[in-house]
Amino acid sequence: MTLPTSATRTAELAKDRGGMRVAAAASTLWGGLTTSTDRYTVDLVQWQSPNDLPERRLMVQRIISMTRRHKRRVLLGIDDTWDEKTPSLAKRIELSLYSRAASFEEYKDLNTLRRRLQSLVSLSYHEAASMKACKRSQTDDVAPRSVKQKIGPPAQPTSSSVFLLHNEDLVRHIYGFLDGKDVLRHTAVSKKAYSLLPSCVHTLSLSVDTLARAFELQSTRFLIQLVNLEALDVYSHRKKPCTTDKSHDAESSNVALHAWGCSELDISQTNVGESAVLELATAISRGAGSKLRRLRLVSAFTNTCHRNAIHALCAALQRGGCPRLEDLLLGGNSFSDCGTVDLAALLSEFGALPNLVRLDLRRNFIGESGLKRIMQALGVGAVAKLKYLCMGGNIITDNSVSPVVALLSSTLCPQLRFLGLEDNFISPSGVQSIIDAAVCGGMMPKLHKVAAAE
3 MTLPTSATRT AELAKDRGGM RVAAAASTLW GGLTTSTDRY TVDLVQWQSP
53 NDLPERRLMV QRIISMTRRH KRRVLLGIDD TWDEKTPSLA KRIELSLYSR
103 AASFEEYKDL NTLRRRLQSL VSLSYHEAAS MKACKRSQTD DVAPRSVKQK
153 IGPPAQPTSS SVFLLHNEDL VRHIYGFLDG KDVLRHTAVS KKAYSLLPSC
203 VHTLSLSVDT LARAFELQST RFLIQLVNLE ALDVYSHRKK PCTTDKSHDA
253 ESSNVALHAW GCSELDISQT NVGESAVLEL ATAISRGAGS KLRRLRLVSA
303 FTNTCHRNAI HALCAALQRG GCPRLEDLLL GGNSFSDCGT VDLAALLSEF
353 GALPNLVRLD LRRNFIGESG LKRIMQALGV GAVAKLKYLC MGGNIITDNS
403 VSPVVALLSS TLCPQLRFLG LEDNFISPSG VQSIIDAAVC GGMMPKLHKV
453 AAAE
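For the sequence shown, the numbering used here puts the final residue at 456, and the numbers step up evenly by one.
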């Protein structure tokens, strides 16, 4: 089998620009980033070569065998049009895998192939949906704006009755026992409640759909008015996060730190969470979250190249929007290696997250280049208080272990107590090399748990 399309595309890309890499072309194939493409590829090494064609032909065959329908369905003549398109689709998929891989070893690794294909399917589906939604909003641009202007903020209560004898300390004490959503429901009691109760909200847990509706009705004012908010938990409407305690040691046993406690956003679910995260980033830039200690966005959205919500969120945090943040939980949002560029910039910015204790990056399709960026960013020392690093359920292999070994052996992350690498593709020898590096760097027994392939 020949690959005229892929080979031609590779040859053309090798001649472009003087330094433009094949990996950069992959970004444009999937919708294009909202910021400069070079920023996401400048640290990548060009490894692609025409000598890879034999392996690429085999990869196309493997993809065809994995994507063909069941043989019985073909024999029965059920929906065999899909199989007619499979070879062409397989070539396009292979080209994207080849372009996105950080090395030839990562590209040809059969153990990670299914998960890499899952990443492509999820991204392409939500990318297409994102572009369609953007086109619809541009077509109907006038109507939604007029509607939003008419809706405005919620009407203030007209009652001026005495509210708990105007004892604000007592009010705050009482409402401190309630969930943030219940507190906000009581703002309709009176004018006093309307002005006072938002400042009584310390924790807020709500679904992405609810958060999106709140932003639609009140824009960023919804969060800006919560001046004392310390914990914001946003979850998928299908799965509410488990309850957490206030202390970090208690949280380590109650919060799911492992990969099996987290899942990516299914393609059957809408990606409304990405729009909500974009609004959240805007709110943080405007002053919301100055007292925030926990930000949980687990399985809340799928990051797309078109909207790139992870870029907006990291940029807002990088400007010091949440200086007290201790827990940054971003598992299950599928931002892949591209998203680690923005995350690494955040983690290496001194003063942005000086109190960060827990970083959750589970189920984000992070591979070789992404892990390297994160380890290098942690080595800068801007988040020296980090204790829990959760990276289970990604695409980490033995070929990606060296940056982890370098970080642990250098003691540049002195407070690290938990390193979660379960449900990846690391061999026992790879795990042992990580443990040996921790011992060599004096991290043992401080690093009391290395969770790896089990």
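Ideal placement from N, C-alpha and C gives every residue a C-beta, glycine not left out. Remember, predicted model here, so these are calculated numbers, not experimental data.
With respect to A278, R365 sits apart: the two C-beta atoms are not nearer than 8 Å. Note on F179: under 16 other CB atoms within 10 angstroms of its CB, so exposed under the neighbour-count rule. Nearest neighbour of L280 by Cα position, chosen from T222, V203 and D235, turns out to be T222. By the CB criterion at 8 Å, L231 and K293 fall inside the cutoff.
According to DSSP, residue pairing for V44 in a beta bridge does not occur.
When C-alpha distances from G381 are compared across R70, S411 and F427, the shortest belongs to S411. Annotation: the continuous beta strand (DSSP E) that includes V236 extends over A233 to Y237. For G443, the secondary structure class from DSSP, reduced to helix, strand or coil, is coil. Here D362 is bridged, per DSSP, to L331 and C392. Cβ-Cβ distances below 7 Å link S201 to V229 and N230 in the same chain, with the five nearest sequence neighbours on each side left out; the list follows chain order. Around T114, the same chain offers I397, T399 and F427 as residues with beta carbons nearer than 7 Å, after the five sequence neighbours per side are excluded. With 16 or more other Cβ atoms from the protein chains shown falling within 10 Å of its own Cβ, R118 counts as buried. Judged by their CB atoms, C316 and A290 are not nearer to each other than the 8 Å cut-off. Taking a C-beta distance under 8 Å as the contact criterion, D339 and I368 qualify as a contact pair. Short of 6 Å from the beta carbon of S402, and not among the five residues preceding or following it, lie these beta carbons of its own chain, in chain order: E370 and L373.
Sixteen is the threshold: since fewer than 16 other Cβ atoms of the shown chains lie within 10 Å of the Cβ of M68, the residue is exposed. Within 10 angstroms of the beta-carbon of R116 lie fewer than 16 other beta-carbons, which makes it exposed. Within the DSSP secondary-structure output, S201 pairs in no beta bridge. A302 sits in coil when the DSSP states are folded into three classes, being neither helix nor strand. For L409, the enclosing alpha helix (DSSP H) starts and ends at V403 to S412.
Going by beta carbons, C264 and L297 fall outside the 8 Å limit. Remark: C-beta atoms of Q434 and K387 do not approach each other more closely than 8 Å.
The C-alpha of P356 is placed about 13 Å away from the C-alpha of C415. For L391, the closest of R419, L409, V407 and G383 by C-alpha to C-alpha distance is R419.
Rounded to whole angstroms, the gap between the alpha carbons of A453 and V173 is 45 Å. Residue pairing for R296: DSSP places it in a beta bridge opposite A233 and D329. Put simply, the backbone Cα of E57 is about 12 Å away from that of Q50. For the 8 Å CB-CB criterion, G443 and T413 form a contact.
Residue pairing from DSSP leaves V385 without any beta-bridge partner.
With respect to the C-alpha of L267, the residue from R215, V210, L259 and A190 having the closest C-alpha is V210.
Taking the Cα positions, G275 is about 13 Å away from E129.
Relative to the Cα of L206, the nearest Cα in the group I226, L225, G182 and S197 belongs to G182. Per DSSP, reduced to three states, the secondary structure at G372 is helical. Taking each of T306, C307, A318 and F303 in turn and checking the Cα distance to A283, the smallest one comes out for A318. When Y100, L299, Q227 and L112 are compared, the shortest CA-CA separation from L361 is found for L299. With contacts defined as CB atoms closer than 8 Å, T272 and S132 fail to qualify as a contacting pair.
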